[in-house]
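Residue numbers (our numbering), protein chains in the order written: chain A, 3 to 257; chain B, 1035 to 1257; chain C, 13 to 413. A virtual CB, placed ideally from N, CA and C, is assigned to each residue, including glycine. Data block below; observations after.
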Amino acid sequence: MLNETGILFDVTLCEGCGACYDMCKEVNNLPETNDDYLKDHLSDNTFTVVEEYGEIYTRKLCMHCNEPACVSVCLVGAIKKSSTGAVVYDADKCIGCRYCMQACPHSIPRYEWGTTKPRIRKCNLCDDRVKAGKLPGCVEACPTEAAIFGKMDELIEIAKNRLKSDPDKYYQHIYGLEEAGGGHVLIISPVPFEQLGYVSKLTSEPMPEFTMRAMEKIPSVAIGGGLFLSAMFWLTKRKNELAKEKKSTNGKENI
Amino acid sequence: MVAIFVLALFLFILLVDLIVLRIQGKSHPAFEPALSQYDYLVHDGNVIHIPSNLFFSKGHTWLKKNKNGLMEIGIDPFGSTALGTLSILKCAEVGEELKRGGMIFEGSYGNKTVKFLSPVNGIVKSVNPGIIGKKISNPYESWGVQLVSNDSPENRDLFFSGSDALNWIKNEFSKLKYFIDDNSPIVEFVGETMYDGGSLSNDVVSLLLDQSINDFEKEFLSL
Amino acid sequence: MKINDILKPTFWKVVSVIIVTMGLFSTYYRFSLGLGLTTNLHDSVPWGLWIGFDFIGVGLAAAGFTIAATVHIFHIHKYEPLVRPAILTAFLGYSVVVCLLVVDLGRPENFWHPLVMWNIHSVMFEITWCLICYTTVLILEFAPVVLEKFKIKAPIKYLKIISIPVVIAGVIFSTLHQSSFGSLYLIVPGKLHPLWYSSLLPVHFYISCIAAGLSMIIFESFLIARAFTKKDGFHHTELKMDILSGASFAVLIALIAGFLLKIYDFIDNGKLPLLTVPSTETYLFYLEILIGTLVPIFLLSYKKLIEDKKWMYLTSICVISGLVLNRLNVSITGLAASSGVNYFPSFDEISITMMLVVLAIFAFRLIAKNFAVFVSNESENSVNENGTAKSKQIILSERYE
Ligand code: SF4
Ligand code: SF4
């Protein structure tokens, strides 16, 4: 956690210029998808979007959860957490079940529906660039420093300070710190987050916990069930044998 | 919407199947009109009536000890309906000395004749003239023969009564179903009539092979 | 059976051929054009009819383990005649499910990956393995039938020895994956409509599959009685009402248990007010409970009706419909609101699904014809007793071969 890095996005500083949107397309070699970047939405060729809510602009992208639902559900481990904290995807492993899309609490992963060799598509926090010591594309492009990149604990510190120093400007909540167990993208904004199209009613519990509670019962069900069934097998067999014996002795008595 | 669609499709296919069967003149096993005989399998004692004061022999005759010591003997519900409605052709004659296993009634299902055997030893005291040549509608009312006999119908090895009798008769009906299935040369035809619910109970006998009626006697009417 | 008989067109033969032909075209398109063009799935609706149908197929195939357990583990031999049909049904049901899964996978060529790449935290991983193991179990359980036919005696002995552990393993694998289909949705508390979302989802799935699986066997007995006539040389395919009544009773118990659990779940989680919210979800929920639980419970609690084949048939249809509604409600209806789109399957999705179902029915017929799927100890005995069946066999073979 300490060495993991992430993004802090300050909605109040964003001017909706779309530089991050363009840069993201560039570093990921993505084709153009919409003439007006403000009207675009996440898709297999768009990993981040800038959205307009009246005067306010905000961004959507993968939140790079601490305990990502997508990682926990992927049966072949095609989605993994990188050492930087980014959630990355390996298309060669993927079988295309799309459970990750279903499971993501933020509904982030997109799919290449149009091809016969489809991949899951989403932001990977520019893992390769970060590992090579560079900034993620969108952060590098942002002219107003609305998006800043850094170590997670530092980012949290900065966010808290901003909320505290200017309580009138900010809605007192850091989105992404606790939502679905928290993640590596933090957002602070002047208005409540549901007004900006973020999923707001998320538990602070990581999503995989919900499954784990059921999954951890499996060994006991398997062992207990096995013992119970074996016991029933012997018991009912014995009972039938006894019944048979009784019958045959009764029969003899009658004769 | 999808749920409704899939459900509707499922039900629609079942419905089409029913309609197709109807057009083909067949009926679905779930909705085929019940055959009176096989109803006995399905329903409880309310259909097969087993009077508690009667005893039943394995040759499908019933026995009743009268107060005056006479033994009345008649044909039980299985015997009177098994291959169609039975009509009695002949009875043992008054004064005749019957041995257990001797012929006591001769009856016919359609054109096939069967013999019922006397369940006990005894001398025929009287014969019910009203049953000869008639179809049996109520098996317990139409006693056929009164005997003077020393045999006791309470011998449990030879005779059934009460719930034993009920279970046994039910079982006989299910055996009968296999028997009919196995003895009809025109298998296809029987198959269809059974599923059509055609009046099997009256026709079935005409479908049986000639020697089957002997098998029927051996299987169901021997003591 | 002469070739003419096979070629003689009947209504259902024609329909099946049409469905399979359409299905084959759709399959071709699906694999050559990809999912996007041939299905109505998209980013907001990653799972559609195929996955929903997998849930249905697996739920309805549940009799494979319940009947095997009843007969082999609890030694209630009355149900013996149902074992082989149930196992065959389960096997074919799972085959349909596996085929649909492969069709649904975006990268079907990678279907073997879960065998070597593991993520034990994934419910999907657990399901995959249980499916593989359980299909193996089904093959082992059915193998004696095939081996008997070809008179290969040696392996049967070994299969007999391992048969009980195999049945026990089968029950456990079934229990695990039947309930895990419910666990799949545990991770989407925010997306799945609260009428269906519950931490007890796996238990709901498990109980309802028991009731529906048995109902499926009842339903199927009617289909069999309807489809396999004496003419084709089937002797033991009549309805065995006493056995089916017994199974109906088990259905009743499972339904009541499931219903009580639902009530407990609703009260415990304070979901009762949801029942008064007028919405598509609520109506479908009512429909599901009404058709799948309340009506069958009502019908089954009359002894008279259990013993009447007409009502037994209708009841089994009700329970099956209930499961169909429930699984599709969980997998599609319940997620529609949060995805914000109204999904309806495309023609290709429907035709591929129907094709697989038709093929499974066809396979059932074929296997039932060639292997001793329908045997009944009881009638074997009676055959030996009266010896009449032999003469009949000869009659049959004279006429039809
Ligand atoms: S936001 Fe969704 S896709 Fe991104 S890491 Fe979290 S669960 Fe995975
Ligand atoms: S679609 Fe691919 S990445 Fe997503 S869960 Fe399935 S296998 Fe994993």
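- Task: May I ask you to list the residues that DSSP assigns as paired with MET1137/B?
- Result: LEU1151/B
- Please determine, among VAL78/A, PRO138/A, ALA143/A, the residue with the shortest C-alpha to C-alpha distance to LYS141/C. A small fix is needed here, since residue 141/C is Trp in this sequence, not Lys. The shortest C-alpha separation from TRP141/C is found at VAL78/A.
- Message: Checking the sheet assignment: what are the DSSP bridge partners for ASP12/A?
- Response: ILE190/A
- Which whole runs of the alpha helix (DSSP H) in the segment 21-106 of chain A are 4 residues long or more, in chain order? 21-29, 71-75, 101-105
- Under the assumption that ARG100/A contacts TYR113/A (Cβ atoms under 8 Å), give the Cβ distance between them as a whole number of angstroms. 6 Å
- Can you name the residues of chain A whose CB is closer than 7 Å to the CB of TRP59/C? ARG100, GLN104
- Can you grab the Cα-Cα spacing for the pair LYS381/C / ILE99/C, in whole Å? 16 Å
- Could you pull out every unbroken alpha helix (DSSP H) segment of at least 4 residues lying fully inside the segment 141-225 of chain A, listed in chain order? 154-167, 210-217
- Closer than 7 Å: is that where the CB of ALA93/A sits relative to any heavy atom of ligand 1? For ALA93/A, the distance from the CB to the nearest heavy atom of ligand 1 is not below 7 Å.
- Query: Does LEU117/C have its Cβ less than 8 Å from a Cβ in chain A?
  - Reply: yes
- Look up PHE1194/B in the DSSP assignment and give the residues it is bridged to. PHE1090/B
- Query: With distances taken between CB atoms, is the gap from VAL114/C to VAL70/C smaller than 8 Å?
  - Reply: A distance of 8 Å or more separates the beta carbons of VAL114/C and VAL70/C.
- Note down, in chain order, every chain B residue with its Cβ under 9 Å from the Cβ of ILE373/C. Correct list: empty, because the minimum Cβ distance to chain B is about 11 Å.
- Does MET65/A get closer than 8 Å to chain C when you measure Cβ to Cβ? no
- Thinking PHE234/C and PRO1063/B are a contact (beta carbons under 8 Å), I'd like their distance in whole angstroms, please. 5 Å
- For LEU244/A and chain C, any beta-carbon pair shorter than 8 Å? no
- So which residues of chain C does PHE1044/B contact, with C-beta pairs closer than 9 Å? ILE329, ILE332, SER333, VAL336
- Applying a beta-carbon distance threshold of less than 7 Å, which residues of chain C neighbour CYS76/A? ASN131, SER134
- Query: Under 7 Å from any heavy atom of ligand 1, does the C-beta of MET136/C make it?
  - Reply: MET136/C Cβ: outside cutoff for every heavy atom of ligand 1.
- Residues of chain B with a CB under 7 Å from the CB of LEU340/C: which are they? VAL1036, ALA1037, VAL1040
- Task: Grab the span of the alpha helix (DSSP H) containing SER192/C for me, first residue to last.
- Result: In this chain, the alpha helix (DSSP H) harbouring SER192/C covers 166-195.
- Query: Taking the C-alpha atoms as reference points, what is the distance between GLY227/A and THR78/C?
  - Reply: 13 Å
- heavy atom of ligand 4 below 7 Å from CYS67/A C-beta: For ligand 4, the structure offers nothing, since it holds only ligand 1 and ligand 2.
- Message: DSSP has LEU113/C in a bridge; who is on the other side?
- Response: Under the DSSP definition of a beta bridge, LEU113/C lacks any partner.
- Segments of 4+ residues assigned as alpha helix (DSSP H) that fall wholly inside the segment 286-369 of chain C: 292-301, 307-312, 315-318, 321-340, 346-351
- Task: Following the continuous beta strand (DSSP E) through THR1002/B, name the residue where it begins and the one where it ends.
- Result: Lying outside 1035 to 1257, the shown extent of chain B, residue 1002/B is not represented and no answer is given.
- Item | Under 9 Å (Cβ pairs) to chain A, residues found in the segment 43-56 of chain C | PHE43, SER44, LEU45, GLY46, LEU47, GLY48, LEU49, THR51, LEU53, HIS54, ASP55, SER56
- Message: If the criterion is Cβ atoms closer than 8 Å, does the pair LEU104/C and ALA375/C meet it?
- Response: Yes.
- Query: Would DSSP call ILE122/A helix, strand or coil?
  - Reply: strand
- Query: Does ILE229/C come within less than 8 Å of chain B when only Cβ atoms are used?
  - Reply: no
- Query: How is TYR1072/B classed by DSSP in three states: helix, strand or coil?
  - Reply: Note that TYR1072/B scores 45 on pLDDT, short of 50, meaning its location in the model is unreliable; the coordinates nonetheless yield the value given after this. Looking at TYR1072/B - three-state DSSP - the assignment turns out to be helix.
- Taking PHE1065/B as the query, report the chain C residues whose CB atoms sit under 9 Å from its CB, ordered along the chain. LYS321, LYS322, TYR325
- Anyone know if the C-beta pair for ALA71/A and ILE132/C falls short of 8 Å? Taking 8 Å as the Cβ cut-off, ALA71/A and ILE132/C do not qualify as a contacting pair.
- Burial state of TRP208/C, where buried means 16 or more other Cβ atoms lie within 10 Å: By the 10 Å Cβ count, TRP208/C comes out buried.
- Item | Anticipated Cβ contact below 8 Å, ILE373/C with SER38/C, distance rounded | That belief does not hold up - the Cβ atoms of ILE373/C and SER38/C are roughly 18 Å apart, past 8 Å.
- Task: Kindly examine ligand 1 and report whether one of its heavy atoms sits closer than 7 Å to the Cβ of LYS124/A.
- Result: yes
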